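**Q**
Chains as they are written, first to last, in my numbering: chain F, 1272 to 1525; chain Z, 50 to 520.
1) Below 8 Å between beta carbons is the criterion; list the residues of the stretch 1487-1510 of chain F that meet it against any residue of chain Z, in chain order.
2) Can you check which of these residues, Z:329, Z:144, Z:424, is closest to residue 110 of chain Z by C-alpha distance?
3) Relative to the C-alpha of residue 393 of chain Z, which residue among Z:477, Z:238, Z:508 is closest?
4) Between the stretch 1417-1435 of chain F and chain Z, which residues of the former have a C-beta closer than 7 Å to a C-beta of the latter?
5) For residue 125 of chain Z, which residues in chain F fall below 9 Å Cβ to Cβ?
6) What's the call for residue 1473 of chain F, buried or exposed, on a 16-neighbour Cβ count within 10 Å?
7) Starting from residue 130 of chain Z, follow the alpha helix (DSSP H) in both directions and report where the run begins and ends.
8) Nearest CA to the CA of residue 492 of chain Z: which residue from Z:115, Z:57, Z:54?
9) Which of the three DSSP states, helix, strand or coil, is assigned to residue 1267 of chain F?
10) Taking DSSP as the reference, what is the three-state secondary structure of residue 1412 of chain F?
11) Using 9 Å as the limit for Cβ to Cβ distance, is residue 1476 of chain F near chain Z?
12) What separation, rounded to the nearest whole angstrom, lies between the Cα atoms of residue 193 of chain Z and residue 204 of chain Z?
13) According to the neighbour-count rule (16 or more other Cβ atoms, all chains shown, within 10 Å of its Cβ), is residue 244 of chain Z buried or exposed?
14) Is the beta carbon of residue 235 of chain Z sitting closer than 9 Å to the one on residue 201 of chain Z?
15) Per the contact definition of three or more C-beta pairs closer than 8 Å, is the stretch 444-453 of chain Z in contact with the stretch 414-428 of chain Z?
16) Span of the beta strand (DSSP E) holding residue 1259 of chain F?
17) Indicate the three-state DSSP secondary structure (helix, strand or coil) for residue 192 of chain Z in the structure shown.
18) Using a Cβ-Cβ cut-off of less than 8 Å, give me the residues of the stretch 85-111 of chain Z that come near chain F, in sequence order.
19) Which residue marks the beginning of the beta strand (DSSP E) containing residue 254 of chain Z, and which one marks its end?
20) Where do the N-terminal and C-terminal ends of the alpha helix (DSSP H) with residue 1316 of chain F fall, by residue?
21) How many Å lie between residue 267 of chain Z and residue 341 of chain Z at the Cα?
22) Helix, strand or coil for residue 1305 of chain F? Go by DSSP, reduced to three states.
23) Verify the contact flag: residue 110 of chain Z, CB atom, against every heavy atom of the ligand NAP, threshold strictly below 8 Å.
24) If we define contact as Cβ-Cβ less than 9 Å, is residue 1393 of chain F a contact residue for chain Z?
25) Using a Cβ-Cβ cutoff of less than 7 Å, which residues in the same chain neighbour residue 357 of chain Z once the five nearest sequence positions on both sides are dropped?
26) Anything in chain F within Cβ reach of residue 215 of chain Z, meaning under 7 Å, just list it in chain order.
27) Using the C-alpha atoms, what's the distance from residue 1295 of chain F back to residue 1514 of chain F?
28) So, at 8 Å on beta carbons, what are the nonlocal neighbours of residue 608 of chain Z in its own chain, with the 5 sequence-adjacent residues on each side left out?
29) Are there three or more Cβ pairs, one per stretch, closer than 8 Å when the stretch 451-466 of chain Z is compared with the stretch 354-371 of chain Z?
30) Please list the segments of the alpha helix (DSSP H) lying wholly inside the stretch 1347-1420 of chain F, counting only runs of 4 or more residues, in order along the chain.
31) Report the neighbours of residue 135 of chain Z on chain F: residues whose CB is nearer than 7 Å to its CB, in chain order.
32) So is residue 1501 of chain F buried or exposed if we call it buried at 16+ other beta carbons inside 10 Å?
33) Does the distance from the CB of residue 1407 of chain F to the CB of residue 1375 of chain F come in under 9 Å?
34) Relative to the alpha-carbon of residue 184 of chain Z, which residue among Z:167, Z:198, Z:195, Z:197 has its alpha-carbon at the smallest distance?
35) Could you have a look at residue 512 of chain Z and say whether DSSP puts it in helix, strand or coil?
36) In whole angstroms, give me the CA-to-CA distance for residue 310 of chain Z and residue 274 of chain Z.
And the structure:
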């Protein structure tokens, strides 16, 4: 590693009140934070916008989508702001030309990897992937579409899973594990073959662990998970419950 | 030596295709055919998709008549769910359909066909379009644009947007009509009625100058099919099938749409992606039947609205039996616009139209469903099978244009026989070959789609495959 490289470091767990305070720069603005706060969290506290897709308030960070990448001065690689912690004197840029270019490429690749047909999607008009594409001014995609042939799982009586619309953010996996505690959802295979699965890759409707709580459906950013019977553009997700539930769980743990 | 002509593309129709005319050894027209040259594959790629998505998915078949596809699809979904659609939802679906008939027929008549009618089939092709019409007949062109706008505006107020709205859903519709939009629609209707009555008068006065075309544009005996209500009146959204023979005798009446396969067969030909449906009792290829505006007016007992019924009497006076010439589809289109405006007025006058009980919810309860509506271009069949989880396993679509395929081929043959007297495609022949296709108002985009290419190509070819001429 070259000297001066700032690597993502693991969160240090310290007793409340014993965290060091750091000062660093985001987009040439001086900001201060506790050492256990991610660059994303600090940026948001300071009203600096960084787009995200897999991040969701109330769930652990996963760093899957890479859309929150930022540039750190003297660091060779772009780093995801959600799982990178600041260091004293660090200079972060959230909207450099390089960052914007990579974000667009990442988003375009998400569109090519599966079959995101907005016009006939249950989440049309209420989709985080679609919103991001509009925000980042994606007017066309420069890569070839893969058009994979992917099935739907309609075996659950209330919900439906469409792998064509999945971006592998793994919010469903995390909410099921961390909030509901069922851990019905998990991940199978690697790379392009990666799929979210229920139990040990059995139809969702036959899962013995699923409580049918629907949290996975509500946190899903796209139309991959939806309520059965919703027509095109009718699936509006409700996520307000999440920070509240997380707070209650912590309170119970303490 | 036998020869073949190819005309490609035919312009001012919706979609893309090709006409070939084959000459025999004596230089006489031996055959004429319309080929739909692009493949779309909707029946295949709908497989595996959820029932709730189908209404919007199949709407993409067409940008002109998406409402018809969505209504047929919604009726299939209603059947698979086994629900009774609330009365207000049925009325709103019908109202939406009135908007579509007004805009689609106005598009066909004013934008696509009226340049032939007003400027004449022998006028220069480069000026024979809506822009040329703007110069020569500005009031008429404005009327057409205005009338189409009335239909589109009704759709937008009802469904949120003009093309591919998502308001029709399995079990009903997903948005009630607001009192403001109801009033706005009611205010539009008188202007629409004025325009269409003015245009009808103009059209009837010009019929005499098209005698030769009327006599040769697919003017031959066939069966006719259309939906009728329980009283035999004109019906676009619900109703049952009626088939009449070339003499006007009712052959089948009040046939449940679910039984369509007993009477309609589908032949596939190697040189076209458009299927050739035929009337089974007569077999293939003799079982030619026609659908569409003139066919509907031929099969019904009455329209059921006063002004349209008055016009229907005159329309019926054109012939002793059913009106056979495809040219009169133009006439029938105007009468149907009149009917749609009157029907919209009637639906809007009902206070129940504002009711917000507009949707029935259910899971899929039956494995199969069939939905049939009258699209502007004719009877439209949607037929799906679904698994226990509500995922589609099989789809069959018979689009309106397909029903007319055999009749269009024969119409082309009749026109080619009458007008083609040399081994070259002359302008008057090309104009009339295109015009007979245009009279059917085929929606080839329903079965084909391509961007950046010309509409229909016409080729004149010898029997051994040598191209003599093309356009």
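Here a beta-carbon is modelled for each residue, glycine too, at the ideal position from N, C-alpha and C. All of these numbers come straight from a predicted model, not from anything done at the bench.
**A** Once the coordinates are examined:
1) Answer in chain order: 1499, 1500, 1501, 1502, 1503, 1504, 1505.
2) Looking up residue 110 of chain Z in the second chain gives position 61. Comparing Cα positions, the closest option is Z:424.
3) Position 344 of the second chain holds residue 393 of chain Z. Considering only alpha carbons, the answer is Z:238.
4) Those would be 1422, 1423, 1425, 1426, 1431, in chain order.
5) Working through the second chain from its first residue, we reach residue 125 of chain Z at position 76. In chain order: nothing, as chain F lies at least about 14 Å away.
6) The count along the first chain starts at 1 and reaches residue 1473 of chain F at position 202. By the 10 Å Cβ count, residue 1473 of chain F comes out exposed.
7) As a working mapping, residue 130 of chain Z is identified with position 81 in the second chain. 115-130 is the extent of the alpha helix (DSSP H) around residue 130 of chain Z.
8) Indexing the second chain from 1 puts residue 492 of chain Z at position 443. When only C-alpha atoms are compared, the closest one is Z:115.
9) Nothing about residue 1267 of chain F can be reported from this structure: the residues present for chain F run from 1272 to 1525 only.
10) Mapped onto the first chain, residue 1412 of chain F falls at position 141. In the displayed model, residue 1412 of chain F falls within coil according to three-state DSSP, outside both helix and strand.
11) Sequence index remark: in the first chain, residue 1476 of chain F carries index 205 (1-based). Yes, residue 1476 of chain F counts as interfacial toward chain Z.
12) Along the second chain, read from residue 1 onward, the residue named residue 193 of chain Z stands at position 144. Along the second chain, read from residue 1 onward, the residue named residue 204 of chain Z stands at position 155. When only Cα atoms are considered, residue 193 of chain Z and residue 204 of chain Z end up about 17 Å apart.
13) For the purposes of this step, residue 244 of chain Z is identified with residue 195 of the second chain, where counting begins at 1. Counting the other CB atoms within 10 Å of its CB gives residue 244 of chain Z a total of 16 or more, which places it among the buried residues.
14) Reading the second chain from its first residue, position 186 is the one you call residue 235 of chain Z. Reading the second chain from its first residue, position 152 is the one you call residue 201 of chain Z. Going by C-beta atoms, residue 235 of chain Z is not nearer than 9 Å to residue 201 of chain Z.
15) Yes: the two stretches touch, three or more of their Cβ pairs being nearer than 8 Å.
16) Nothing about residue 1259 of chain F can be read from this structure; chain F reaches only from 1272 to 1525.
17) Mapped onto the second chain, residue 192 of chain Z falls at position 143. Three-state result, residue 192 of chain Z: helix.
18) Answer set for the stretch 85-111 of chain Z: 97, 98, 99, 101, 102, 104, 105, 106, 109.
19) In the second chain, the residue the question calls residue 254 of chain Z occupies position 205. According to the DSSP assignment, residue 254 of chain Z belongs to no beta strand (DSSP E) but to the alpha helix (DSSP H) extending over 228-255.
20) Stepping through the first chain from its first residue, residue 1316 of chain F is reached at position 45. Note, residue 1316 of chain F: alpha helix (DSSP H), 1310-1316.
21) Taking the first residue of the second chain as position 1, residue 267 of chain Z is located at position 218. Taking the first residue of the second chain as position 1, residue 341 of chain Z is located at position 292. The alpha-carbon atoms of residue 267 of chain Z and residue 341 of chain Z are separated by roughly 13 Å.
22) As a working mapping, residue 1305 of chain F is identified with position 34 in the first chain. Three-state result, residue 1305 of chain F: strand.
23) Questions concerning the ligand NAP fall outside what the structure shown contains, since it holds no ligand whatsoever.
24) Here residue 1393 of chain F is taken as the residue at index 122 of the first chain, counted from 1. Yes - at least one Cβ of chain Z is within 9 Å of the one on residue 1393 of chain F.
25) Working through the second chain from its first residue, we reach residue 357 of chain Z at position 308. Leaving aside the five residues that flank residue 357 of chain Z on each side, the residues in its chain whose CB is nearer than 7 Å to its CB run, in chain order, 384, 387, 388, 391.
26) Position 166 of the second chain, counting from 1, holds the residue named residue 215 of chain Z. Under the 7 Å cutoff, chain F gives 1502, 1503, 1504.
27) The residue given as residue 1514 of chain F occupies position 243 in the first chain. The residue given as residue 1295 of chain F occupies position 24 in the first chain. Cα to Cα, residue 1514 of chain F sits roughly 28 Å from residue 1295 of chain F.
28) Only positions 50 to 520 of chain Z appear in the structure, and residue 608 of chain Z is not among them; the question remains open.
29) Put simply, the stretch 451-466 of chain Z does not touch the stretch 354-371 of chain Z. Fewer than three CB pairs are less than 8 Å apart.
30) Secondary structure remark: continuous alpha helix (DSSP H) runs of at least 4 residues inside the stretch 1347-1420 of chain F, in chain order: 1368-1384, 1399-1406.
31) Position 86 of the second chain, counted from the first residue, corresponds to residue 135 of chain Z. What residue 135 of chain Z touches in chain F: nothing, since even the nearest Cβ is about 16 Å away.
32) Indexing the first chain from 1 puts residue 1501 of chain F at position 230. Result: buried.
33) Along the first chain, read from residue 1 onward, the residue named residue 1407 of chain F stands at position 136. Along the first chain, read from residue 1 onward, the residue named residue 1375 of chain F stands at position 104. With contacts defined by Cβ atoms closer than 9 Å, residue 1407 of chain F and residue 1375 of chain F form a contacting pair.
34) In the second chain, residue 184 of chain Z corresponds to position 135, counting from 1. A check of alpha carbon separations from residue 184 of chain Z across Z:167, Z:198, Z:195, Z:197 identifies Z:167 as the nearest.
35) The residue you call residue 512 of chain Z lines up with position 463 of the second chain. The answer is coil: DSSP assigns residue 512 of chain Z none of H, G, I, E or B.
36) Here residue 310 of chain Z refers to the residue found at position 261 of the second chain. Here residue 274 of chain Z refers to the residue found at position 225 of the second chain. Computed Cα separation, rounded: 14 Å.
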